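Remarks on the structure that follows.
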Amino acid sequence: MALGTRTPVTFCNVSKGKVCIGSKEKGTHKEYDNISGQVTAIRFEDDDYEGKIFRLMKVTLHDDGSDYILGMRLDSGYGRDFINKFVDADTSKPIEVCPVYKADTKESGLLIKQNGGWLKNHWTSTRNANQV
1 MALGTRTPVT FCNVSKGKVC IGSKEKGTHK EYDNISGQVT AIRFEDDDYE
51 GKIFRLMKVT LHDDGSDYIL GMRLDSGYGR DFINKFVDAD TSKPIEVCPV
101 YKADTKESGL LIKQNGGWLK NHWTSTRNAN QV
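For what it's worth, my numbering labels the leading residue of the sequence shown as 1, then goes sequentially.
Okay, structure coming up:
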């Protein structure tokens, strides 16, 4: 039997164009403009908020000996943009995830940077999922 120690994990979510860690209620809330690391896992699970069930995507990123789990609702602009861009990422290399939010229209999304360039949407109005 091999013995080991656990790597601490930091749970994050995305809100109003920021990567958020901690709790506002507990006074530990912090906001960041981006998060980076190599994606080591993506999993999906059902969650609920105020009695409404939704699908949640949890992306595990590893960077400098630390693990971060970034949670995003699949029905949000963040979740849709992540899937639409990450499908073309080189999974052997780190990425930088930059959430964006337009307060006037309440539109959300995110940008993914890899190898010094921004990943483009895989599916567009001229190339949809039926054509892949």
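No residue lacks a Cβ here, since even glycine has one placed at the ideal position from N, Cα and C. Nothing here was measured: the structure is a model prediction, and the numbers come from that model.
From what residue to what residue does the beta strand (DSSP E) around residue i run?
i: N13; result: V9 to S15
i: R73; result: S66 to R73
i: E107; result: E107 to Q114
i: K24; result: K24 -> no beta strand (DSSP E), and no H or E assigned at all.
Are any of the Cβ atoms in chain D nearer than 8 Å to that of residue i?
i: V87; result: This model lacks chain D altogether, as it is built from one protein chain only.
Helix, strand or coil for residue i, going by three-state DSSP, please let me know.
i: D33; result: coil
i: G4; result: coil
i: K93; result: coil
i: D81; result: helix
Would you kindly work out how many angstroms separate the C-alpha atoms of residue i and residue j, rounded to a whole number?
i: G109; j: R6; result: 32 Å
i: A89; j: D104; result: 31 Å
i: K30; j: C12; result: 10 Å
i: E96; j: D48; result: 28 Å
i: D63; j: G71; result: 17 Å
i: C98; j: I83; result: 14 Å
i: Y101; j: L111; result: 11 Å
How would you label residue i, buried or exposed, when you count the other beta carbons within 10 angstroms and need 16 or more for buried?
i: Y78; result: buried
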